[in-house]
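J.:
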Amino acid sequence: MAKQYITNGINTSATRVADDMENVAGKAVKLNSDGLLEFCNTKGEMPIGIVTIDNEADVSKGDNVTYQIFAVGIAAISATVTAGTELTPGSDGTLVAAEAGDFVCAIAMNDCNANAMGTVKRVDYYKKEAK
7 MAKQYITNGI
17 NTSATRVADD
27 MENVAGKAVK
37 LNSDGLLEFC
47 NTKGEMPIGI
57 VTIDNEADVS
67 KGDNVTYQIF
77 AVGIAAISAT
87 VTAGTELTPG
97 SDGTLVAAEA
107 GDFVCAIAMN
117 DCNANAMGTV
127 KRVDYYKKEA
137 K
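Heads up: take any position in the sequence shown, counting from 1, add 6, and you land on the working numbering.
1. Any contact of the region 89-100 with the region 59-68, i.e. 3+ C-beta pairs under 8 Å?
2. With the cut-off set at 7 Å, would you say Ser84 and Asn116 are in Cβ contact?
3. Under the assumption that Leu42 contacts Ala24 (Cβ atoms under 8 Å), give the Cβ distance between them as a whole number of angstroms.
4. Could you compute how far the alpha carbon of Val71 sits from the alpha carbon of Lys36?
5. With distances taken from CA atoms, which of Asp40, Gly50, Val110 is nearest Phe3?
6. Beta strand (DSSP E) containing Leu37: first to last residue?
7. So, Ala81 versus Ile54, is the Cβ gap smaller than 7 Å?
8. Closest by CA to Arg22, which one among Lys127, Asp69, Gly124, Ala112?
9. Would you list the one or two residues that DSSP bridges to Cys118?
10. Could you name the residues of the same chain whose beta carbon sits closer than 6 Å to that of Lys127, not counting the 5 residues immediately before and after it, in chain order?
11. Spell out the partners DSSP gives Leu42 in its beta bridges.
12. Got a sec? Which residues, its chain only, sit under 7 Å from Gly96 by beta carbon, not counting five neighbours each side?
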């Protein structure tokens, strides 16, 4: 039976994770040099996508996960933000308010409390300049 997604822009190819990862839902990820997924771990870096909420909460090295590459979706927000705030990956894969020099990967569509799941509007990943 095919999966039903509540969002658009889902990457459905088999993408394996580089290492064991906990609480993956809604976190920003990137590809490492081996083509495996890992959390974004440098504030302001450009992610490849955000892990969808239908994955297992914790995954092991080599497991496949699904991630969203564009459109409206749900992301883990680690700081309080208001609707319209431009967001960037924090050092743990959660999204935080973007500052000068950060890559903007999303815009909050609603007010979000710290350490919450929030609806975001994805922006163009091919944007080359930082905020």
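Think of the CB as a built atom: it goes at the ideal place given N, C-alpha and C, for glycine as much as any other residue. The structure presented is a predicted model; accordingly, all values stated were derived computationally and were not measured.
T.: So, from the data block:
1. no
2. For this step, residue 84 is matched to residue 78 along the sequence shown. For this step, residue 116 is matched to residue 110 along the sequence shown. For Ser84 and Asn116, no; Cβs fall outside 7 Å.
3. Stepping through the sequence shown from its first residue, residue 42 is reached at position 36. Stepping through the sequence shown from its first residue, residue 24 is reached at position 18. Right, their Cβ atoms sit about 4 Å apart.
4. Within the sequence shown, residue 71 is the residue found at index 65, counting from 1. Within the sequence shown, residue 36 is the residue found at index 30, counting from 1. Each residue's Cα considered, the two are about 12 Å apart.
5. The requested residue 3 does not occur in the structure, where the chain is confined to residues 7 to 137.
6. As a working mapping, residue 37 is identified with position 31 in the sequence shown. Start and end: 34-37.
7. On the sequence shown, residue 81 is found 75 positions in, with the first residue counted as 1. On the sequence shown, residue 54 is found 48 positions in, with the first residue counted as 1. Taking 7 Å as the Cβ cut-off, Ala81 and Ile54 do not qualify as a contacting pair.
8. In the sequence shown, counting from the first residue as 1, residue 22 sits at position 16. Ranking the options by Cα distance to Arg22, first place goes to Asp69.
9. Taking the first residue of the sequence shown as position 1, residue 118 is located at position 112. Val87.
10. Numbered from its first residue, the sequence shown carries residue 127 at position 121. The answer, listed in chain order, is Val78, Ile113, Met115.
11. Counted from its first residue, the sequence shown places residue 42 at position 36. BP columns for Leu42 are empty, so no partner.
12. What you label residue 96 is simply residue 90 of the sequence shown in a count that begins at 1. Taken in chain order, the residues that qualify are Lys49, Ser84, Val102.
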